[in-house]
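Asks:
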Amino acid sequence: MTVAPLRIGNASGFYGDRFDAMREMLTGGPLDVLTGDYLAELTMLILGRDRLKNPSGGYARTFLGQLEECLGLALERGVRIVANAGGLNPAGLADAVRQLAERLGIPVRVAHVEGDDLTAGHPRSLAAHAYLGGAGIAACLRAGADIVVTGRVTDAALVTGPAVAHFGWAPDAYDRLAGAVVAGHVLECGTQATGGNYAFFTDHDPARLRHPGFPLAELHEDGTSVITKHDGTGGLVDIGTVTAQLLYETSGARYAGPDVTARLDSVRLTQEAPDRVRISGVRGEAPPPTLKVGLNRLGGYRNEVVFVLTGLDIEAKAALVRDQMEAALDAAKSRPTEVRWDLARTDHPDAPTEETASALLRLVVRDRDQDAVGRTLSGAAIELALASYPGFHVIAPPGKGSPYGVFEDVYVPQGAVEHVAVLHDGRRVPVAPATDTLVLEPAPEPALPEPLPPGPTRRAPLGVVAGARSGDKGGNANVGVWVRSDDAWRWLVHQLTADRFQNLITESRHLKVVRHTLPNLRALNFVVEGILGEGVASQHRFDPQAKALGEWLRSRHLDIPEALL
């Protein structure tokens, strides 16, 4: 007997996403399951600091506010809710949801998943959490839960868990599980799949993108899916928006998780109808024998001051104040251990406004001692107010310095983590680790198509023909680049090598850059190792999450065949 498709939506891509999205998704059309992704590397650090102040906290409080408006609506419509909003304290959030339901007089069965917290085994960490799969979620749903809250699970687990519960897939149904992982990866960042942050946004009516609807997947028993959105909502779903999200925060052809390793090089996308993209052909392999564990710790204190340099002699002004500040820092009782300068030439010649005539010189300091980045920096900067370059002023005076976080990942055997589904009736069901595993290895590089024949070229930005999306994974950044025609692919795959990428993205020249090729998506994925230092919370660079790295790449000029322009 054929099992009906599972209609599963998303209402949150991060902690702080659109508050009304839960109500919009519940009222916009039919759903079976509504998911919400609230966690990221930075979020875990934020929740860890919250838990230091209040041991009963450590979860995403906005989720409770959304439920207060929508709990009755979800039960009335028969929509189950699965969210990782539990953060560092899923049991605490589950209790809070029960208390909310009792206060509202709504009968609700609440379950949670735990076992990801490994902080006790990493005493130097503020939070250490393993990325669990979807089996615990599936156990909670099979037992009748209306709401399942988790801590740190993989983003795709919010979809694989409901899919396993609905279709009854065995743990070794790798192709089907991989299809659910791919659908989950497309959904996890909310409106990034429906036109948000989209490279080719200028090709579409701005009114359509003003308020994009959140995505949903119609998931089938064979693991195929259709990515779409509720009728009448804003945004768009096409092969480009889905491709962009598939490339986001991934690396090579093997996309590993606790449930399955999905082969991104097998994914096929078809525009089935307006705002409907079918995902098919996804192949899966046994998951790796280890689980990723994200470690968040406090790295020290950070401070900054931004000097405004206006008009003429920008370079000389920057050199003067830099020399003065360096001398003052050297003479201080405690010089910061890390001092970084960046000059942004935002100035224009003969500028019509003072702001457009100005450049920004940014000084960032870090140290484990707060005084070294607080009093030392503020004293040195303020004392130069009348003794430095003409037109001296700063965006804001430096403060006392604020703590910053450091992220790193380690790996533990799957069996070292006690994955537990805590059912709505209080029963604790252990979730067995994967028994059939496969050590993760890079996939072989595919054969390349024939290059385009020689012809006239024109100097133009890469973004005229290619889209991009970029993001962070710990201290690394990834930049996914794709094109929309076979001829453009034949050009791109031969022209945009790792060496060419490093020439265009100058910050990467001293770093390791690895290129991965995904022909089915007409896409390349570049991983830039170490460009983000110790992760987003360390605020290592101007764009600490590499969100705009892809747009910088698209703005760089190359010799592009005129046939593609």
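Throughout the sequence shown, residue numbering follows our numbering, covering 1 to 565 in sequence.
Backbone N, C-alpha and C fix where the C-beta goes; we use that ideal spot for every residue, glycine too.
Quantities reported herein were computed from a predicted structural model and do not represent experimental measurements.
#1: From the DSSP output, read off the bridge partner residues of Arg77.
#2: Helix, strand or coil: which one does DSSP assign to Ala534?
#3: Short of 7 Å in beta carbon distance, which residues of its chain neighbour Leu291, apart from the five on each side in sequence? Order them along the chain.
#4: To which residues does DSSP link Arg254 through a beta bridge?
#5: Please report the straight-line C-alpha distance between Leu269 and Val394, rounded to a whole angstrom.
#6: According to the neighbour-count rule (16 or more other Cβ atoms, all chains shown, within 10 Å of its Cβ), is Arg107 buried or exposed?
#7: Which residue marks the beginning of the alpha helix (DSSP H) containing Gln545, and which one marks its end?
#8: For the segment 186-233, list the alpha helix (DSSP H) runs that are entirely contained and at least 4 residues long, ordered along the chain.
#9: Taking just the CA atoms, how far does Leu532 sit from Cys189?
#10: Less than 9 Å separating the beta-carbons of Leu295 and Ser538?
#11: At the level of alpha carbons, what is the spacing between Val159 and Leu141?
#12: Is Ala262 closer than 9 Å to Gly151 when the C-beta atoms are compared?
#13: Is the distance from the Cβ of Gly467 to the Cβ of Tyr255 below 9 Å?
#14: Can you give me the start and stop residues for the beta strand (DSSP E) that Lys292 sits inside?
#15: Along the beta strand (DSSP E) that carries His284, what are the first and last residues, could you check?
#16: What residues in its chain sit with their C-beta under 7 Å from that of Phe542, if we drop five residues either side in the sequence?
#17: Do you know offhand how far Pro336's Cα is from Tyr301's?
#18: Beta-carbon within less than 6 Å of Phe167's beta-carbon, same chain only, minus the 5 sequence neighbours each way: which residues are those?
#19: Tell me the DSSP secondary structure of Lys317 in three-state form.
#20: What's the gap between the Cα of Phe453 and the Cα of Ile560?
#21: Grab me the residues of Ala165's own chain with a C-beta within less than 7 Å of its C-beta, minus the 5 sequence neighbours each way, in chain order.
#22: Assuming Leu45 and Ala120 form a contact by the criterion Cβ under 8 Å, report the distance between their Cβ atoms to the nearest whole angstrom.
#23: Do you know offhand how far Glu315's Cα is from Ala385's?
#24: Cα separation between Arg278 and Leu219?
#25: Please give me, in chain order, every unbroken run of the beta strand (DSSP E) with length at least 3 that falls completely inside the segment 26-92.
#26: Give the single residue among Arg297, Leu438, Arg459, Val483 whose Cα lies nearest to the Cα of Val406.
#27: Hey, would you say Asp7 sits closer than 9 Å to Leu31, going by beta carbons?
#28: Within 10 angstroms of the Cβ of Gly16, are there 16 or more other Cβ atoms? Answer buried if so, exposed if not.
#29: Val439: buried (16+ other C-beta within 10 angstroms of its C-beta) or exposed?
#30: Give me the Cα-Cα distance between Gly474 and Tyr389, rounded to the nearest whole angstrom.
#31: Do Gly136 and Val420 count as a contact pair if the criterion is CB distance below 9 Å?
#32: Kindly indicate which three-state DSSP category Thr270 falls into: helix, strand or coil?
#33: First and last residue of the alpha helix (DSSP H) that includes Phe526?
#34: Rank Pro171, Arg276, Ala170 by C-alpha distance to the C-alpha of Thr241 and give the top, closest one.
#35: Just to confirm my understanding: we take Ala94, look at its own chain, exclude 5 residues before and 5 after, and list those with CB closer than 6 Å. What are they?
#36: Sort out for me which residues DSSP pairs His419 with in a bridge.
Replies: Reading off the structure:
#1: On the sequence shown, residue 77 is found 77 positions in, with the first residue counted as 1. In DSSP, Arg77 forms no bridge with anything.
#2: Numbered from its first residue, the sequence shown carries residue 534 at position 534. Residue 534 is actually Glu in this sequence, not Ala. Here Glu534 sits in coil by DSSP.
#3: Locating residue 291 in the sequence shown gives position 291, counting from the first residue. Closer than 7 Å at Cβ, skipping near neighbours: Ala130, Tyr131, Pro258, Tyr411, Val412, Gln414, Val417.
#4: Sequence index remark: in the sequence shown, residue 254 carries index 254 (1-based). Answer by DSSP bridge pairing, in chain order: Arg263.
#5: Sequence index remark: in the sequence shown, residue 269 carries index 269 (1-based). Sequence index remark: in the sequence shown, residue 394 carries index 394 (1-based). Straight-line Cα distance between these residues: approximately 50 Å.
#6: The sequence position of residue 107 within the sequence shown is 107, counting from 1. Reading the sequence as shown, one finds Pro at residue 107 and not Arg. The residue is exposed, with fewer than 16 neighbouring Cβ atoms inside 10 Å.
#7: Counting from 1 along the sequence shown, the entry for residue 545 is found at position 545. Premise fails: Gln545 is in no alpha helix (DSSP H) and is neither H nor E.
#8: 206-209
#9: As a first step, residue 189 must be located in the sequence shown, where it is residue number 189. As a first step, residue 532 must be located in the sequence shown, where it is residue number 532. Going by the C-alpha atoms only, they are around 21 Å apart.
#10: Translated into the one-based positions of the sequence shown, residue 295 becomes position 295. Translated into the one-based positions of the sequence shown, residue 538 becomes position 538. The answer is no: Cβ separation not under 9 Å.
#11: Here the question's residue 159 lines up with position 159 in the sequence shown. Here the question's residue 141 lines up with position 141 in the sequence shown. C-alpha separation (whole angstroms): 12 Å.
#12: The count along the sequence shown starts at 1 and reaches residue 151 at position 151. The count along the sequence shown starts at 1 and reaches residue 262 at position 262. Contact flag unset, no.
#13: Locating residue 467 in the sequence shown gives position 467, counting from the first residue. Locating residue 255 in the sequence shown gives position 255, counting from the first residue. Cβ atoms of Gly467 and Tyr255: not closer than 9 Å.
#14: Taking the first residue of the sequence shown as position 1, residue 292 is located at position 292. Its beta strand (DSSP E) spans residues 290-310.
#15: In the sequence shown, residue 284 corresponds to position 284, counting from 1. The sequence given here places Gly at residue 284; His does not occur at that position. Looking at the DSSP string, the run of the beta strand (DSSP E) that includes Gly284 is 283-285.
#16: Residue mapping note: residue 542 aligns to position 542 of the sequence shown, counting from 1. Answer for Phe542: Asp342, listed in chain order.
#17: As a working mapping, residue 336 is identified with position 336 in the sequence shown. As a working mapping, residue 301 is identified with position 301 in the sequence shown. When rounded, the distance between both Cα atoms is 10 Å.
#18: Indexing the sequence shown from 1 puts residue 167 at position 167. Apart from the 5 residues on each side of it in sequence, Phe167 sits with its Cβ closer than 6 Å to the Cβ of Val3, Glu221 in its chain, given in chain order.
#19: Numbered from its first residue, the sequence shown carries residue 317 at position 317. Lys317: helix per DSSP, three-state reduction.
#20: In the sequence shown, residue 453 corresponds to position 453, counting from 1. In the sequence shown, residue 560 corresponds to position 560, counting from 1. Correcting the residue identity first, residue 453 is Pro in this sequence and not Phe. Each residue's alpha carbon lies about 12 Å from the other.
#21: As a working note, residue 165 is residue 165 in the sequence shown. Within the same chain, Ala165 has close Cβ partners Ala138, Leu141, Arg142.
#22: The count along the sequence shown starts at 1 and reaches residue 45 at position 45. The count along the sequence shown starts at 1 and reaches residue 120 at position 120. Rounded, the Cβ-Cβ distance is 18 Å, inconsistent with contact.
#23: As a first step, residue 315 is located in the sequence shown; it is residue number 315 there, counting from the start. As a first step, residue 385 is located in the sequence shown; it is residue number 385 there, counting from the start. Looking at the two C-alpha atoms, the distance is approximately 19 Å.
#24: Position 278 of the sequence shown, counted from the first residue, corresponds to residue 278. Position 219 of the sequence shown, counted from the first residue, corresponds to residue 219. Going by the C-alpha atoms only, they are around 10 Å apart.
#25: 33-36, 80-83
#26: Along the sequence shown, read from residue 1 onward, the residue named residue 406 stands at position 406. The candidate whose alpha carbon is nearest that of Val406 is Arg297.
#27: Taking the sequence shown and counting its residues from 1, the one referred to as residue 7 is at position 7. Taking the sequence shown and counting its residues from 1, the one referred to as residue 31 is at position 31. The question names Asp, but residue 7 is Arg in the sequence shown. A contact, by the Cβ cut-off of 9 Å.
#28: Within the sequence shown, numbered from 1, the residue matching residue 16 stands at position 16. Burial call: exposed.
#29: The residue you call residue 439 lines up with position 439 of the sequence shown. Val439 is exposed by the Cβ-count criterion.
#30: Numbered from its first residue, the sequence shown carries residue 474 at position 474. Numbered from its first residue, the sequence shown carries residue 389 at position 389. Using only the alpha carbons, I get a separation of about 39 Å.
#31: Taking the first residue of the sequence shown as position 1, residue 420 is located at position 420. Taking the first residue of the sequence shown as position 1, residue 136 is located at position 136. Yes, Cβ-Cβ distance for Val420 and Gly136 is below 9 Å.
#32: By 1-based counting over the sequence shown, the position of residue 270 is 270. Strand.
#33: As a working mapping, residue 526 is identified with position 526 in the sequence shown. First-last for Phe526: 523-528, but that is the beta strand (DSSP E), not the alpha helix (DSSP H).
#34: Counted from its first residue, the sequence shown places residue 241 at position 241. Proximity to Thr241 across Pro171, Arg276, Ala170 peaks at Arg276, based on C-alpha coordinates.
#35: Within the sequence shown, the letter at position 94 stands for residue 94. So the list reads Val110, His112, Val149, once near-sequence residues are dropped.
#36: For the purposes of this step, residue 419 is taken as residue 419 along the sequence shown, with counting starting at 1. Residue pairing of His419 in beta bridges, as defined by DSSP: absent, with no partner found.
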